[in-house]
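Residue numbers are given in UniProt numbering: position 42 of the sequence shown equals residue 42, and the series is strictly consecutive. We put the beta carbon where it would ideally sit given N, CA and C, even for glycine. For reference, the structure is listed below as structure tokens.
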Amino acid sequence: MAKGDIDTYQEDGDWKSKRQGSSRAFAVGGTKAEQQAVGREAAKRDGVEHTIKKTDGTIGEKNSYGKDPNPPKG
Numbered sequence: 001m002a003k004g005d006i007d008t009y010q011e012d013g014d015w016k017s018k019r020q021g022s023s024r025a026f027a028v029g030g031t032k033a034e035q036q037a038v039g040r041e042a043a044k045r046d047g048v049e050h051t052i053k054k055t056d057g058t059i060g061e062k063n064s065y066g067k068d069p070n071p072p073k074g
């Protein structure tokens, strides 16, 4: 089964982390920083992208932990 990228976001006053394509969050509750840590660890483990959204739903930060298709030259 392919693993989807991870989103960390706020919904109904709770911070959540969810795999894209899934209907349910795999982690709910705590502070934004706590959910960021949960999402980051899952993304690192699975080698996928982690998107952290602001309270208004816009993207605040993106981090990729997979194989970079365009690595820096140098």
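Check, Outcome
"Three-state class that DSSP yields for R24 in the structure shown", "coil"
"Near the ligand FAD: T31 beta-carbon under 7 Å from a heavy atom", "Ligands displayed in this structure: none; no statement on the ligand FAD is therefore possible."
"Inside the UniProt region \"Disordered\" (1–74) only - beta strand (DSSP E) runs reaching at least 3 residues", "6–11, 14–19, 49–53 and 59–64"
"Pairwise C-alpha distance: P72 and G66", "14 Å"
"Residues of its chain near D14, where Cβ-Cβ distance is below 7 Å and the 5 sequence neighbours each way are ignored", "V28 and G29"
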